[in-house]
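Residue numbers (the UniProt record's numbering): 1 to 147.
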């Protein structure tokens, strides 16, 4: 079964608390998520667990993500449950002196037939990582402008 398996990280020159406050605030994603991926909050929950996001990549099929577990100031666990993918991902933050290491990991099964076929020709895990480099760059800019 075709999969996307990726682990991407960035070191941000901000406190762990500052980085956490942004990645755990799904309302802020619209300010730093790439415009090529339309992101909607389908269901918001004050406790974060149960929040549902729908991502619609430009020219691609959509997928939905649910927050399933949270460890404050450490990790947000996600389930990809509808649309293009099935599987899990998570945000993780680690303190490093005066900066923060932000990590995003996914292990996803591609369930869409067309995308499955394309995945045999195109390195989808690498494309996912390229998109996350853009996400991390945008997040750094957002933190700088709002820090």
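All residues carry an ideal CB built from backbone N, CA and C; glycine is no exception. Quick caveat, the model's predicted, so the values are computed rather than measured.
Is the beta carbon of residue i sitting closer than 8 Å to the one on residue j?
{"i": "residue 34", "j": "residue 119", "result": "no"}
{"i": "residue 36", "j": "residue 53", "result": "no"}
{"i": "residue 84", "j": "residue 110", "result": "yes"}
{"i": "residue 61", "j": "residue 112", "result": "yes"}
{"i": "residue 90", "j": "residue 4", "result": "no"}
{"i": "residue 87", "j": "residue 114", "result": "no"}
So residue i and residue j are in contact, right, with Cβ under 8 Å, and what is the actual spacing, rounded?
{"i": "residue 11", "j": "residue 96", "result": "7 Å"}
{"i": "residue 39", "j": "residue 29", "result": "5 Å"}
Taking all protein chains shown into account, do 16 or more other C-beta atoms lie within 10 angstroms of the C-beta of residue i, making it buried, or fewer, making it exposed?
{"i": "residue 141", "result": "exposed"}
{"i": "residue 122", "result": "exposed"}
{"i": "residue 139", "result": "buried"}
{"i": "residue 51", "result": "buried"}
{"i": "residue 76", "result": "buried"}
Provide the residue span of the beta strand (DSSP E) that contains residue i, from first to last.
{"i": "residue 71", "result": "63-71"}
{"i": "residue 111", "result": "Here residue 111 belongs to no beta strand (DSSP E), and DSSP marks it neither H nor E."}
{"i": "residue 12", "result": "3-12"}
{"i": "residue 121", "result": "Neither: residue 121 is in no beta strand (DSSP E) and is coded neither H nor E."}
Whose C-beta lies closer than 6 Å to the C-beta of residue i among residues of the same chain, with five residues either side of it excluded?
{"i": "residue 58", "result": "36"}
{"i": "residue 66", "result": "52, 79 and 81"}
{"i": "residue 103", "result": "9 and 92"}
Along the chain, where does the alpha helix (DSSP H) that runs through residue i open and close?
{"i": "residue 77", "result": "Where residue 77 is concerned, there is no enclosing alpha helix (DSSP H), although the beta strand (DSSP E) it sits in stretches over 75-83."}
{"i": "residue 143", "result": "124-146"}
So is the beta-carbon of residue i under 7 Å away from any non-hydrogen atom of the ligand FMN?
{"i": "residue 75", "result": "For the structure depicted, the ligand FMN is absent and the ligand set is empty, with no information on it obtainable."}
Got a sec? Which residues, its chain only, sit under 8 Å from residue i by beta carbon, not counting five neighbours each side?
{"i": "residue 18", "result": "100, 143 and 147"}
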